[in-house]
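Written below as structure tokens is the structure these notes are about.
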Amino acid sequence: GRTWSEPLANGHIAERGGEYFDSSMSDVHELARELGLHMTTQGFNPTVRQTADPNGPSLEDLETAAKVFAGYWESLGEIAHDVSIADILKAAPLERELATVIGARLSSGRAANVSRVSARWSEGGFQTPLVSHEHNTRIAEGNQSLSQRMAYELGHERLKLRWPVAAIDQDQRGCVITSMLGETIRADIIVIAVPVSILKRLRVGGLDARTRLAIAKVGFGQATKLHLTVDGDCAPGIKQEVSTPFSTWA
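One gets our numbering by counting positions in the sequence shown from 1 and adding 19 to each.
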């Protein structure tokens, strides 16, 4: 995801964008090492979430329930396009309280209510609800330092910053990028790497009707972060609020 690192008054770095990396993101880890950056542990895995309610289900019960949910999901085989994660969770053989907590964790983790997330196309498939105890990592210098180091290696003179793109077109000579001010750049190949919310606002020529419809239909989660500094030590960890799905971590 996009990165935006901001130092807090106490010297710690708050991540306003992408928060952490897991071990499957090998390309990011290799690139960080190549650029001389340092990975540090997040101190927890976001799938291991105790509820904010001290009387809520235990972590052990939640992990067991997640395995039951994943097994039920897998047993369904191929799933229709219009079946949501919430639909499967509702049908799974789980106690209601456990299902509610798992649903809240998955919703806050995706920044979107799972009733609106297709189970068929969910990243991770039936393994989506499973719990991992492997601690996630982040870049000690701030996740944004990854893109900043990449820019430095590429050469700032080769980058066009503050040059918002309005349209991308193709013709017999190649590709044309047009800015919002009407300036143009020609290229042989264009790689579009922007969130869907931005892609929806671009005019991209040469796409077939099926692709344009797919872009129009893709939803995008909304996540709001509030960073606070605290006095004294605070052990790393994460907790889940259920009634209005959000999580807090340190």
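All C-beta atoms, glycine included, are put in the ideal place defined by N, C-alpha and C.
A straight-line Cα-Cα distance of about 20 Å links Gly122 and Lys244. Judged by DSSP secondary structure, Arg205 falls within the beta strand (DSSP E) whose first and last residues are 203 to 206. Assignment of beta strand (DSSP E) within the region 164 to 240, counting only whole runs of 3 or more residues, yields 184 to 190, 193 to 198, 203 to 206 in chain order. With contacts defined by Cβ atoms closer than 7 Å, Ala110 and Lys258 do not form a contacting pair.
Contact between the region 179 to 188 and the region 209 to 225 is present: 3 or more CB-CB pairs across the two stretches fall below 8 Å.
The beta carbon of Ser141 sits closer than 8 Å to those of Ile104, Thr147, all from its chain and outside the five residues before and after it, given in chain order.
Of all alpha-carbon atoms in Gly143, Gln189, Thr263, the one lying nearest the alpha-carbon of Asp227 is that of Gln189. Straight across, the Cα-Cα distance linking Val150 with Val195 is about 46 Å. Put simply, the region 23 to 40 touches the region 154 to 171. At least three CB pairs are less than 8 Å apart.
Look at Thr267 here: in three-state DSSP terms it is strand. The continuous alpha helix (DSSP H) containing Lys86 extends over residues 78 to 94.
If you compare the alpha carbons of Ala254, Lys179, Arg139, Pro264 with that of Ile98, the shortest gap goes to Arg139. With contacts defined by Cβ atoms closer than 7 Å, Ala33 and His246 form a contacting pair. Cβ atoms of His152 and Val67 come within 8 Å of each other, at about 6 Å. Spanning the alpha carbons of Glu49 and Arg124 requires a straight line of approximately 29 Å. A Cβ-Cβ distance of about 7 Å is found for the pair Leu165 and Thr22, placing them in contact under the 8 Å criterion.
Under the criterion of beta carbons closer than 8 Å, Ala130 and Gly36 do not qualify as touching, at roughly 12 Å.
Here Pro26 is exposed, its C-beta having fewer than 16 other C-beta atoms within 10 Å. The criterion of a C-beta distance shorter than 7 Å is satisfied by Phe63 and Gly256. Annotation for Ser45: the continuous alpha helix (DSSP H) segment containing it runs 45 to 53. Excluding residues up to 5 positions away in sequence, Pro76, Asp80, Leu81, Ala84 lie with their Cβ nearer than 8 Å to the Cβ of Leu117 in the same chain. In the DSSP assignment, Glu34 falls within the beta strand (DSSP E) that extends over 32 to 34. By DSSP's assignment, Thr66 forms no beta bridge with any residue.
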